[in-house]
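Comments concern the structure below.
Numbering (UniProt numbering), first residue to last: 1 to 395.
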């Protein structure tokens with residue numbers, strides 16, 4: 001198994017490429033974009049996937065129209081007629097209650113860093129996670145602060161007067177975040193790539209912030225004002241300048257992309273793996289179940305922590321290919337060899353028909369069914385943090 005590249009690793013920024021540099025190939029074997037003049041050490045860091053494993057992992061694929069596809073037999077997306085029929089005929093059991101009840105069942109807490117920013121990352125190695133709602137997670141890993149799929153808006157929509165609305169608000173604002181080194185984007189859907197949040201993060205951090213995105217999102221990110229964007233294919237690797245000891249790997253997921261009526265699957269979707277010198281973190285993003293997670297676990301596991309979606313899975317006839325249910329989430333936990341997993345993608349937006357508190361109950365039952373400690377796949381309140389491998393508090 002390949003280990004994270006350390007000393008001598010060159011970090012390549014999309015926005016640092018000069019005219020004439022090579023862009024991502026559509027061939028499945030391509031890893032990162034590389035200029036012919038790049039150093040040998042840089043080439044090694046960009047294509048460090050072991051040759052004997054290269055044939056054992058699933059690469060991204062496109063159809064004859066250039067649109068990305070899911071290469072697994074587990075992908076069987078229903079027709080629009082089926083989607084409409086099931087949404088109209090299946091019962092919606094989400095039953096989101098009043099705010100008073102929600103405040104007791106799903107409290108929103110002020111994150112520790114709002115008034116104790118000096119504790120962020122502390123000193124030395126460590127791993128701490130804070131859930132900010134839905135798939136937005138703040139991860140402190142070996143001295144680096146990473147944000148996943150940030151959405152601080154009230155609606156997951158291009159318009160803030162219509163579309164899915166939060167029933168639990170964000171526990172903090174962008175201005176209350178600690179310093180963030182990098183943002184991971186899993187795909188282009190509005191509940192994972194929120195234009196308002198991107199604009200706020202750009203206004204707050206500017207060129208200091210690195211954005212890591214799957215293929216096809218570079219143009220959108222740059223048009224949105226993002227200055228340092230790293231666009232990667234599945235299994236492509238890169239790092240954040242100043243932290244070459246921590247490797248970011250764009251890893252597969254089973255999903256799809258769409259932001260406009262005409263851009264279906266023009267961009268890729270992904271999970272992400274962060275490989276630090278002392279800790280490893282896996283972000284599943286938004287996904288249906290597929291065999292890719294066994295590949296990820298074989299190549300990069302075990303992970304000290306994974307963030308895995310557990311909600312938005314009913315009606316199953318619509319959601320199965322694109323959203324795991326709690327039992328499949330536990331299988332991903334097992335496949336990637338996670339020591340601990342945080343439940344995400346639930347308790348924030350009413351995107352599907354399951355009872356709003358059902359997902360964590362079923363996760364616990366599935367963990368027990370497999371003879372696993374249910375505390376190893378945990379939930380957090382909005383804004384709550386957990387030390388996985390404790391940081392030292394800065395003096």
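C-beta: ideal position from N, C-alpha, C; glycine also.
Looking at the unbroken beta strand (DSSP E) that takes in residue i, where does it start and where does it end?
| i | result |
| --- | --- |
| residue 243 | 243-251 |
| residue 74 | Taken as a continuous stretch (DSSP letters only), residue 74 belongs to no beta strand (DSSP E), as it is neither H nor E. |
| residue 259 | No beta strand (DSSP E) holds residue 259; DSSP gives it neither H nor E. |
| residue 237 | 237-240 |
| residue 141 | 137-141 |
| residue 232 | 228-232 |
| residue 212 | 210-214 |
| residue 280 | 280-283 |
| residue 127 | 127-131 |
| residue 109 | Here residue 109 belongs to no beta strand (DSSP E), and DSSP marks it neither H nor E. |
| residue 182 | 182-184 |
Which two residues bound the contiguous alpha helix (DSSP H) that contains residue i?
| i | result |
| --- | --- |
| residue 150 | Residue 150 -> no alpha helix (DSSP H), and no H or E assigned at all. |
| residue 364 | 358-369 |
| residue 296 | 292-300 |
| residue 387 | Not the alpha helix (DSSP H): residue 387 falls in the beta strand (DSSP E), residues 385-389. |
| residue 82 | 80-89 |
| residue 197 | 195-205 |
| residue 336 | Residue 336 -> no alpha helix (DSSP H), and no H or E assigned at all. |
| residue 308 | That residue, residue 308, is in no alpha helix (DSSP H); its beta strand (DSSP E) goes 305-309. |
| residue 266 | It is not in any alpha helix (DSSP H) - residue 266 carries neither H nor E in the DSSP assignment. |
| residue 101 | 99-105 |
| residue 218 | 218-223 |
| residue 317 | 316-319 |
Express the C-alpha separation of residue j and residue i in angstroms, rounding to a whole number.
| i | j | result |
| --- | --- | --- |
| residue 79 | residue 319 | 12 Å |
| residue 379 | residue 360 | 7 Å |
| residue 197 | residue 158 | 12 Å |
| residue 21 | residue 390 | In this prediction, residue 21 scores a pLDDT of 38, lower than 50, which makes its location untrustworthy; the coordinate-derived value is nonetheless stated afterwards. Distance between the alpha carbons of residue 21 and residue 390: 42 Å. |
| residue 251 | residue 270 | 6 Å |
| residue 377 | residue 188 | 27 Å |
| residue 102 | residue 168 | 8 Å |
| residue 300 | residue 273 | 8 Å |
| residue 324 | residue 240 | 31 Å |
| residue 310 | residue 345 | 6 Å |
| residue 93 | residue 278 | 43 Å |
| residue 375 | residue 328 | 17 Å |
| residue 393 | residue 276 | Interpretation of residue 393 is limited by its pLDDT of 43, a score under 50 that renders its predicted location unreliable; the figure taken from the coordinates is listed afterwards. In a straight line, the C-alpha of residue 393 is about 20 Å away from that of residue 276. |
| residue 248 | residue 238 | 5 Å |
| residue 262 | residue 67 | 11 Å |
| residue 73 | residue 175 | 44 Å |
| residue 156 | residue 334 | 30 Å |
| residue 388 | residue 343 | 14 Å |
| residue 223 | residue 190 | 16 Å |
| residue 203 | residue 62 | 35 Å |
| residue 397 | residue 194 | Absent from the model: residue 397. The displayed extent of the chain is 1 to 395, so no value can be given. |
| residue 450 | residue 161 | A query on residue 450 cannot be resolved here, the shown segment of the chain reaching from 1 to 395 and no further. |
| residue 97 | residue 290 | 34 Å |
| residue 200 | residue 147 | 13 Å |
Just to check my reading of the structure: residue i and residue j have Cβ atoms closer than 8 Å, yes? What is that Cβ distance to the nearest angstrom?
| i | j | result |
| --- | --- | --- |
| residue 352 | residue 292 | Going by Cβ atoms, the distance from residue 352 to residue 292 rounds to 23 Å, so no, they are not a contact pair. |
| residue 330 | residue 367 | 6 Å |
| residue 362 | residue 326 | 4 Å |
| residue 171 | residue 145 | Not confirmed; about 16 Å, so no contact. |
| residue 60 | residue 268 | 6 Å |
| residue 341 | residue 77 | About 26 Å; that fails the 8 Å criterion. |
Less than 9 Å separating the beta-carbons of residue i and residue j?
| i | j | result |
| --- | --- | --- |
| residue 307 | residue 120 | no |
| residue 304 | residue 339 | yes |
| residue 113 | residue 136 | no |
| residue 246 | residue 149 | no |
| residue 127 | residue 140 | yes |
| residue 256 | residue 70 | yes |
| residue 164 | residue 132 | no |
| residue 285 | residue 192 | yes |
| residue 315 | residue 86 | yes |
| residue 231 | residue 218 | yes |
| residue 369 | residue 134 | no |
| residue 317 | residue 173 | no |
**Prompt:** Would you say the segment 378-391 touches the segment 107-124, given that touching needs at least three Cβ pairs under 8 Å?
**Reply:** yes
**Asked** On the three-pair Cβ rule with 8 Å, is the segment 168-185 touching the segment 208-225?
**Response** They touch, by the three-pair rule.
**Prompt:** Any contact of the segment 281-299 with the segment 216-232, i.e. 3+ C-beta pairs under 8 Å?
**Reply:** no
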